[in-house]
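Participant: Structure provided below as structure tokens; questions to follow.
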């Protein structure tokens, strides 16, 4: 069996951690930049290149993930319902979260 190794990285953005590889599109929380702009992420927690793994303490200094903003949008609506039986109380609310799609262009160690 032939195992294929590829480069991937784990980075932090907006309090969440994401695992990405080059050429991958990822959906993040809304970033206030126009479509087509370049963006770089500096909080790299782990980088794996073939058989080598670099783990940060807590981040790897000098490493960067470069990406390009593809699109902005909103997710599907979720319904929030508060209900108390026999109390004549019912409250409904909806929410649609904004997101940004980013294509990972390069991972620099």
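Numbering (the working numbering), first residue to last: 1 to 109. For every residue, glycine included, the Cβ atom is placed at its ideal position computed from N, Cα and C. Because the structure is a prediction, the values reported are computed rather than measured.
1. What is the DSSP secondary structure of residue 54, counted as helix, strand or coil?
2. How far does the beta strand (DSSP E) with residue 63 in it reach, from first residue to last?
3. Out of curiosity, what's the CA-to-CA distance linking residue 41 and residue 74?
4. Distance, Cα to Cα, residue 79 vs residue 17?
5. By alpha-carbon positions, which one of 52, 67, 61 ends up nearest to residue 27?
6. Compare the C-alpha of residue 98 against each of 90, 52, 32, 15 and name the closest.
7. Bridge partners of residue 95, per DSSP?
8. Mind listing, in chain order, the continuous beta strand (DSSP E) runs of no fewer than 3 residues lying wholly within the stretch 11-55?
9. In angstroms with no decimal places, state the Cα-to-Cα distance between residue 70 and residue 35.
Facilitator: In brief:
1. Strand at residue 54.
2. From DSSP, residue 63 is part of no beta strand (DSSP E); its letter is neither H nor E.
3. When rounded, the separation of the alpha-carbon atoms in residue 41 and residue 74 is 22 angstroms.
4. Going from the Cα of residue 79 to the Cα of residue 17 covers about 26 angstroms.
5. Answer by Cα proximity: 67.
6. That would be 32, whose Cα lies nearest to the Cα of residue 98.
7. For residue 95, which the question treats as bridged, DSSP gives the partners 78.
8. With a minimum length of 3 residues, the unbroken runs of beta strand (DSSP E) contained wholly in the stretch 11-55 fall at 16-21, 25-29, 38-41, 44-49, 52-55.
9. Their backbone Cα atoms lie some 6 angstroms apart in a straight line.
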